[in-house]
Amino acid sequence: MDLIAIAIPFFLLALLVELGVDRYRATGYYRTTDAIGSLSAGILSTTFGYFTKLLPLIVWGFVLENFALFDMPLSLFDLSPVGLLLWITAAVAWDFCYYWFHRFSHEWSILWAAHAVHHQSEDYNLSTALRQTSTGFLFGWIFYLPLFLIGFPLEVLVTVNAVNLIYQFWVHTRHVGSLGPLDRWLVTPSNHRVHHARNSAYVDRNYGGIFIVWDRLFGTFEPERDDESVVYGVRKPLNTFDPFRANLSVYGDLWFDSRHTASWRDKLRVWFSRTGWRPADVAERYPERSATGDLESRYDPPLAPSIKAYVFAQFVVAATATLAIGAAAADSGLQAVLAPCAGLWITLYALAGFSDGSPRALTVERGRLLLIAIAAVVLYPGLVALMVAGYAAVSTIALELARNINNNNEIRSKPTVNYD
Ligand SMILES: [Zn+2]
Ligand SMILES: [Zn+2]
-14 MDLIAIAIPF
-4 FLLALLVELG
6 VDRYRATGYY
16 RTTDAIGSLS
26 AGILSTTFGY
36 FTKLLPLIVW
46 GFVLENFALF
56 DMPLSLFDLS
66 PVGLLLWITA
76 AVAWDFCYYW
86 FHRFSHEWSI
96 LWAAHAVHHQ
106 SEDYNLSTAL
116 RQTSTGFLFG
126 WIFYLPLFLI
136 GFPLEVLVTV
146 NAVNLIYQFW
156 VHTRHVGSLG
166 PLDRWLVTPS
176 NHRVHHARNS
186 AYVDRNYGGI
196 FIVWDRLFGT
206 FEPERDDESV
216 VYGVRKPLNT
226 FDPFRANLSV
236 YGDLWFDSRH
246 TASWRDKLRV
256 WFSRTGWRPA
266 DVAERYPERS
276 ATGDLESRYD
286 PPLAPSIKAY
296 VFAQFVVAAT
306 ATLAIGAAAA
316 DSGLQAVLAP
326 CAGLWITLYA
336 LAGFSDGSPR
346 ALTVERGRLL
356 LIAIAAVVLY
366 PGLVALMVAG
376 YAAVSTIALE
386 LARNINNNNE
396 IRSKPTVNYD
């Protein structure tokens, strides 16, 4: 049973409710471009994950089979008092490993490269919760190996992992204030907001997943204060809504420093040093590539309302397609979803181009619609091909209309990129 797949409709519903509250209270915690950027990273993470998630499972299964210290059959984990106690033990032990995984993900460059994606949004709302990395499969599994060495069954650990992830969703909101004693025991919206801060007063604090007690035990806890508001985001801003660049940007920075430093020792050290550390020679030659520290402004390129509406509508189609692809992946296997996933990834890339105000966005989008129509006709039977080609045709007309409204009418509220 895939708990996360079951949770997704509830996530989307909660997100819509939060968006409604945000509009009703006029709090402005949501920006269309940023939310679509975060959800695009989430879609990329989920769909790319179809092709990578087996790796940790294979390693974990191998360790369990060959090196487990205790034999704990799945039947022990039933609804008896002992069974429930074992479940709770597994969940707490997983959360403990998560704390260290998460802490190293912030403190160690090569792990930060994967985790940074979750923190790049300069807003904080439920869409930020779904903003997840696509490269977590590389190293994340290492931190949970002790639990497999102990011998907890794979099914149990996969389940408590899902519970841990699902729990963390709701804390990504600014609409829930302090929760009193709960803030001292559990990860709550208040103390997870602190975790997403880039201001010096809060940065690198509150790593817990479900329990905040780990932070209190290991000296990384920081409560949210009324006199210091959180500034959301990372200390080296991403400055794009492109989910691909979001995933690659820190790896790119590390590669750049590694390539440009003269010291062979530092070429390696770049990857395994404390986050933010740079070899002295490259830091001196390229100071503009260092983190900027405290920063109040947000990345917010102006976008014409008609283009924004087009991007929003296309994103709704892409999100719906993601749900359909998820169902197809479960039913028909990976081969069946490779082409749709590729189409989806190109779509996310093209839409980010508009959100970023890229001058190439229009060309990329026209190319995408043409490519999708041709691919559908070549790859799929009559009805599917017809539907996809129809979608591409309607989208092309909508795009030209949006562009014309943008160019000719007085509906822009601020300077915009012109797609003429
Ligand atoms: Zn984090
Ligand atoms: Zn978070």
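First residue of the sequence shown? That's -14 in the numbering used here, and the numbers climb one at a time after it.
Every residue, glycine too, gets a C-beta built ideally from N, C-alpha and C.
The alpha helix (DSSP H) spanning residue i covers which residue range?
{"i": "residue 23", "result": "17 to 37"}
{"i": "residue 203", "result": "198 to 203"}
{"i": "residue 177", "result": "174 to 180"}
{"i": "residue 188", "result": "It is not in any alpha helix (DSSP H) - residue 188 carries neither H nor E in the DSSP assignment."}
{"i": "residue 232", "result": "228 to 245"}
{"i": "residue 299", "result": "290 to 317"}
{"i": "residue 1", "result": "-12 to 10"}
{"i": "residue 109", "result": "Note, residue 109: premise wrong, no alpha helix (DSSP H); not H, not E."}
{"i": "residue 352", "result": "346 to 364"}
{"i": "residue 270", "result": "265 to 270"}
{"i": "residue 131", "result": "130 to 135"}
{"i": "residue 148", "result": "139 to 154"}
Near residue i, which residues of its chain fall below 7 angstroms by C-beta distance, leaving aside the five closest residues on each side in sequence?
{"i": "residue 247", "result": "266"}
{"i": "residue 78", "result": "132"}
{"i": "residue 186", "result": "213"}
{"i": "residue 238", "result": "274"}
{"i": "residue 10", "result": "none"}
{"i": "residue 0", "result": "111, 112"}
On the DSSP bridge list, what partners appear for residue i?
{"i": "residue 93", "result": "259"}
{"i": "residue 213", "result": "210"}
{"i": "residue 164", "result": "DSSP lists no partner for residue 164."}
{"i": "residue 171", "result": "196"}
By Cβ distance below 8 angstroms, which residues in the same chain neighbour residue i in space, the five residues on each side in sequence not counted?
{"i": "residue 300", "result": "21, 24, 25, 336"}
{"i": "residue 139", "result": "42, 45, 46, 49, 133"}
{"i": "residue 307", "result": "28, 31, 32, 329"}
{"i": "residue 189", "result": "91, 92, 205"}
{"i": "residue 297", "result": "17, 21"}
{"i": "residue 410", "result": "As shown, the chain starts at -14 and ends at 405. That puts residue 410 outside it, with no answer to give."}
{"i": "residue 67", "result": "61"}
{"i": "residue 89", "result": "96, 128"}
{"i": "residue 184", "result": "213, 215, 216, 279"}
{"i": "residue 345", "result": "338"}
Does any CB atom of chain C fall closer than 9 angstroms to the CB of residue i?
{"i": "residue 166", "result": "The structure shown contains no chain C; it holds only a single protein chain."}
Could you say which of the options lies nearest to residue i if we only look at CA atoms?
{"i": "residue 283", "options": "291, 341, 295, 271", "result": "341"}
{"i": "residue 379", "options": "295, 366, 339", "result": "295"}
{"i": "residue 127", "options": "381, -4, 40, 252", "result": "40"}
{"i": "residue 55", "options": "109, 135, 387", "result": "135"}
{"i": "residue 73", "options": "144, 268, 17, -1", "result": "144"}
{"i": "residue 323", "options": "360, 293, 228, 347", "result": "360"}
{"i": "residue 175", "options": "209, 66, 383", "result": "209"}
{"i": "residue 261", "options": "250, 270, 278", "result": "278"}
{"i": "residue 2", "options": "160, 36, 38", "result": "160"}
{"i": "residue 151", "options": "347, 371, 387, -3", "result": "-3"}
{"i": "residue 106", "options": "171, 121, 222, 9", "result": "222"}
{"i": "residue 353", "options": "272, 312, -6, 331", "result": "331"}
{"i": "residue 95", "options": "-7, 224, 57, 257", "result": "257"}
{"i": "residue 273", "options": "286, 285, 241, 250", "result": "241"}
{"i": "residue 34", "options": "319, 369, 373, 372", "result": "319"}
{"i": "residue 217", "options": "281, 285, 170, 125", "result": "281"}
{"i": "residue 288", "options": "254, 226, 100", "result": "226"}
{"i": "residue 62", "options": "162, 374, 75", "result": "75"}
{"i": "residue 275", "options": "286, 263, 86", "result": "263"}
{"i": "residue 343", "options": "57, 137, 285", "result": "285"}
{"i": "residue 327", "options": "316, 347, 303", "result": "303"}
{"i": "residue 80", "options": "381, -8, 163, 153", "result": "153"}
{"i": "residue 169", "options": "196, 314, 234, 82", "result": "196"}
{"i": "residue 201", "options": "364, 249, 172, -7", "result": "172"}
{"i": "residue 155", "options": "124, 120, 121, 115", "result": "115"}
Assuming residue i and residue j form a contact by the criterion Cβ under 8 angstroms, report the distance between their Cβ atoms to the nearest whole angstrom.
{"i": "residue 92", "j": "residue 259", "result": "6 angstroms"}
{"i": "residue 110", "j": "residue 14", "result": "5 angstroms"}
{"i": "residue 357", "j": "residue 377", "result": "5 angstroms"}
{"i": "residue 113", "j": "residue 157", "result": "5 angstroms"}
{"i": "residue 215", "j": "residue 182", "result": "4 angstroms"}
{"i": "residue 102", "j": "residue 191", "result": "With 8 angstroms as the limit, residue 102 and residue 191 do not qualify as a contact, their Cβ atoms being about 18 angstroms apart."}
{"i": "residue 387", "j": "residue 291", "result": "4 angstroms"}
{"i": "residue 194", "j": "residue 84", "result": "7 angstroms"}
{"i": "residue 104", "j": "residue 118", "result": "That belief does not hold up - the Cβ atoms of residue 104 and residue 118 are roughly 10 angstroms apart, past 8 angstroms."}
{"i": "residue 236", "j": "residue 383", "result": "Residue 236 to residue 383, Cβ: 36 angstroms. No contact."}
{"i": "residue 59", "j": "residue 6", "result": "Their Cβ separation, rounded to whole angstroms, is 42 angstroms, which puts residue 59 and residue 6 out of contact at 8 angstroms."}
{"i": "residue 122", "j": "residue 12", "result": "That belief does not hold up - the Cβ atoms of residue 122 and residue 12 are roughly 36 angstroms apart, past 8 angstroms."}
Report all residues from its chain with a CB closer than 6 angstroms to the CB of residue i; omit the five preceding and five following residues, and keep chain order.
{"i": "residue 349", "result": "335, 338"}
{"i": "residue 4", "result": "15"}
{"i": "residue 325", "result": "310"}
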